[in-house]
Amino acid sequence: MKIYKAKDYNDMSRKAAGIISAQIILKPDCVLGLATGSSPIGTYQNLVKWHQQGDLDFSQVTTINLDEYKGLPRDNDQSYYYFMNEHLFSKVNINKDRTFLPDGTEPDSAAACQKYNEIIHATGGADLQLLGLGHNGHIGFNEPSDAFEKETHCVTLSERTIQANTRFFTSEKDVPRQAYTMGIQTIMSARKILVVVSGEDKAAAVKAVCFGPVTPQVPGSILQFHQDAILVADEAALSQCS
Ligand code: F6R
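Set out below in C-alpha cells:
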C-alpha cells in the first residue's frame with residue numbers, strides 16, 4: 339500500500355480529489371466506487387468546485403456506492419443516497435441513472451444483495467474505489483469478524499460503529515442496526531483503491547491496517563494485498579506510523 343502524508347484534512351481532501359480527478363480525465367466513462375461519512379466530504383467539495391470551474395466532466399461517469407442502511411428510504415436525510423445526492427450527485431453533471439447504491443428499502447436481504455451484486459457486475463466493477471476507515475478497521479460496513487465476506491451482504495453493525503454514527507442521528511436508538519454493504523472481494527476487485535483518513539482518533543486503525551497482520555479482525559488490513567492501493571492520511575492519522 340502506498341502512503342501519502344497530507345498536512346491536514348483540507349490537504350488530504352485536495353490530494354484525494356486530485357487522484358479521482360485524474361481517473362475521470364484519463365477515463366471519462368470510468369466506474370467510481372464511492373463512500374459516505376465525514377472523511378470524503380472535503381474530497382467531494384473539491385470535485386464539485388473543479389466541476390463548477392469547468393475542469394471536470396461527470397457526464398459519462400458511473401458510480402457504485404459501498405453501502406446503505408437497511409430500512410432507510412432515499413429521501414431520509416440519514417440515508418447514504420441522500421448524502422451522496424447532497425454532497426455530489428446534485429452538484430455535478432452526472433447522469434443519476436448511473437448512480438447506484440444498495441436498495442435500503444428492500445426488506446428481503448438476500449434479494450437486496452443479489453440485486454446489488456448484479457448491478458456491480460453489469461458495470462464491470464470499480465476503476466477506482468474510494469474508502470474511509472472505521473475506528474475498528476472496518477471498510478464499507480465490513481466489521482471485524484472471523485472471515486472476509488466476498489460480495490454484498492447484510493451486516494449487523496457493531497456497538498462501536500453504532501456509537502460513531504450516532505452523531506448523525508437524533509439519538510442512538512434512531513441509528514439503524516443493519517446495513518447492506520459491498521463485500522471484501524468486490525472492494526479488492528477495484529482496479530485502484532484510494533483510502534482517505536484524517537484525525538488522531540484513527541491513528542491506531544491506520545497503523546493496524548497498514549502494518550499489522552492481514553486478518554478479518556481488521557478488515558482494512560486486506561488492502562495490503564491490493565496491487566494499487568493508496569492511503570492518503572493527514573499527519574494526525576499517521577502519528578503512530580513513524
Ligand atoms: C461509508 C463507509 C464507512 C466509513 C467509515 C469511516 O460509506 O462505508 O466504512 O467510511 O465508517 O467513517 P467516517 O469517514 O465518518 O469517519
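Quick note on this note's numbering: the sequence shown kicks off at 339 and runs consecutively.
Note that beta-carbon positions come from the ideal geometry of N, C-alpha and C, so glycine has one too.
With DSSP run on the structure shown, which of helix, strand or coil describes residue 396?
coil
For residue 444, which of 402, 468, 568 and 492 has the nearest alpha-carbon?
492
May I have a chain-ordered list of the alpha helix (DSSP H) segments no shorter than 4 residues that lie completely inside the segment 489-520?
497-503
Collapsed DSSP secondary structure at residue 429 in the structure displayed
helix
Helix, strand or coil, according to DSSP, for residue 344 in the structure here?
strand
Starting from residue 367, follow its DSSP beta bridges and name the residues at the other end.
Bridge partners of residue 367: none, in fact.
Tell me the rounded alpha-carbon separation between residue 359 and residue 431.
14 Å
Between which residues of its own chain and residue 437 is the CB-CB distance below 6 Å, once the five residues before and five after are set aside?
401 and 427
May I ask which residues mark the beginning and end of the alpha helix (DSSP H) holding residue 456?
447-461
So, do the segment 461-480 and the segment 365-372 have three or more beta carbon pairs nearer to each other than 8 Å?
yes
Coil, strand or helix - residue 435 by DSSP
helix
Hey, residue 479 and residue 499: beta-carbon distance below 9 Å or not?
yes
Buried or exposed: where does residue 459 fall if 16 or more other Cβ atoms within 10 Å of its Cβ makes it buried?
exposed
Give the secondary structure of residue 384 by DSSP, where H, G and I count as helix, E and B as strand, and everything else as coil.
helix
Sorted by chain position, which residues of the same chain lie with C-beta nearer than 6 Å to residue 543's C-beta, five sequence neighbours on each side aside?
471, 473 and 475
Looking at residue 378 and the ligand F6R, is the gap between the Cβ and the nearest heavy atom below 8 Å?
yes
Measure the beta-carbon distance from residue 357 to residue 568 and round it to whole angstroms, keeping in mind my assumption that it falls under 8 Å.
7 Å
Any non-hydrogen atom of the ligand F6R closer than 8 Å to residue 477 Cβ:
yes
Starting from residue 522 and walking both ways along the beta strand (DSSP E), at which residues does that stretch end?
First-last for residue 522: 522-526, but that is the alpha helix (DSSP H), not the beta strand (DSSP E).
What is the residue span of the beta strand (DSSP E) that residue 540 lies within?
Segment: none, residue 540 is in no beta strand (DSSP E) and carries neither H nor E.
Return yes when at least one heavy atom of the ligand F6R lies under 8 Å from the C-beta of residue 405, else no.
yes
Do residue 517 and residue 347 have their C-beta atoms within less than 9 Å of each other?
no
Within its chain, find whatever has a CB closer than 6 Å to the CB of residue 341; leave out the 5 residues flanking it on each side and keep chain order.
569
Buried versus exposed call for residue 397 [16 or more other C-beta atoms within 10 Å across all chains shown]
exposed
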